[in-house]
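Let me begin by presenting the structure, written as structure tokens, before commenting on it.
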Amino acid sequence: MGATLRSVAGSEVAALPGSRRGRFVVTPGKRVALRALEPEDADVVYTWFQEDYFRDMFGYRYPVGRGGWRDWIERHGKPSYHDATFMLYSTEDGAALGLGALRNPGSEDRSAEVSLALGDISNRGLGLGREAALLMAEFGFHVMGLRRIYAWVLAQNLPAAAACQAAGAVQEGIARKARLINGTPVDAVLYGVLAEEFAERMRVLHRQSDTSQV
Ligand SMILES: CC(C)(COP(=O)(O)OP(=O)(O)OC[C@H]1O[C@@H](n2cnc3c(N)ncnc32)[C@H](O)[C@@H]1OP(=O)(O)O)[C@@H](O)C(=O)NCCC(=O)NCCS
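400 is the number of the first residue of the sequence shown in the working numbering; add one for each residue after it.
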């Protein structure tokens, strides 16, 4: 049995046995967990970034080769307070699902930008992104001690906006025509969630799951 952590929601969150191997799972039975990037992940990350839509959502304009991804993993493969980059993986079969990162928190502000992506199109729209958003927020508030988490989402990226809202984030502003996607100006929408708002969101989710189990 793993140790338990006190969550921001006030309920106990199990650190599953896997967490002793550097893996972090918010609650048992969930489908998504976090682990550090491994050098051998370079191939799957390379494959994910072959999809135009995936690249566009991140604003990656230039092709990156396998060697480039190996270097990227070398730079981001040691999660820390200033660069908490993870591989999202399936708790069912261990398969790599996507990337999640909490980056650049100012030490004083304790506010970090989150990014989240499921690499394979077949894994999208199944509720995994929603789970991953909760997981990243739980990690950020609970393990890193952040006060605020925010994300810039392209206006047309409705699943990303919904995943942010699922974790309690609200729309804070719009940077009009801030991004050029293949020559088309697109609004970027800022979503943000504060620790206390996430705690409230978790209380609501726990209440809902208690009610559904009655
Ligand atoms: C954004 C992303 C992580 C969302 O994960 P997902 O697993 O596809 O989304 P989920 O199935 O968990 O759904 C999350 C919410 O989006 C909604 N949603 C899903 N697909 C949608 C679609 N095509 N249009 C509108 N809403 C959609 C769901 O109804 C759900 O809302 P709810 O919580 O109110 O029920 C995923 O789609 C992805 O990786 N996309 C490509 C990369 C990307 O855009 N990253 C974000 C960059 S900011």
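Even glycine gets a Cβ: it sits at the ideal position worked out from N, Cα and C.
Not one heavy atom of ligand 1 is found less than 7 Å from the C-beta of L579. Contact between the stretch 429-445 and the stretch 462-478 is present: three or more C-beta pairs spanning the two stretches fall below 8 Å. Nearest to R460 by alpha-carbon distance, out of S510, Y590, R434 and G582, is G582.
Between V585 and E599, the alpha-carbon positions lie close to 32 Å from each other.
Within the same chain, Cβ atoms closer than 7 Å to the Cβ of R575 are found at D586, the five residues on either side in sequence being excluded. When D609, A561 and N503 are compared, the shortest CA-CA separation from Y480 is found for N503. When secondary structure is reduced to three states using DSSP, A562 falls in the helix class. P584 has L579 as its beta-bridge partners, per DSSP.
At least one heavy atom of ligand 1 lies closer than 7 Å to the C-beta of A550. The beta carbons of T490 and R430 sit closer together than 8 Å. The beta carbon of G476 is closer than 8 Å to those of A435, L436, E437, P438 and T484 in its chain, skipping five residues each way along the sequence.
When the alpha-carbon of L517 is set against those of W551, R469, F457 and A536, the nearest one is in F457. Cβ contact annotation for A559 (same chain, cutoff 6 Å, sequence separation greater than five): V552, in chain order. A Cβ-Cβ contact shorter than 8 Å links A562 with L515.
Residue state for E437 is assigned as coil, using DSSP reduced to three classes.
The closest heavy atom of ligand 1 lies less than 7 Å from the beta carbon of A559. Between M535 and G499, the C-beta gap is smaller than 8 Å, which places the two residues in contact.
Ranked by how close their Cα comes to the Cα of R578, the residues A432, G524 and D455 have D455 in first place.
Taking a C-beta distance under 8 Å as the contact criterion, F597 and F540 qualify as a contact pair. DSSP lists A500 as the bridge partner or partners of T484. Taken from the Cβ of M535, every heavy atom of ligand 1 lies 7 Å or farther away.
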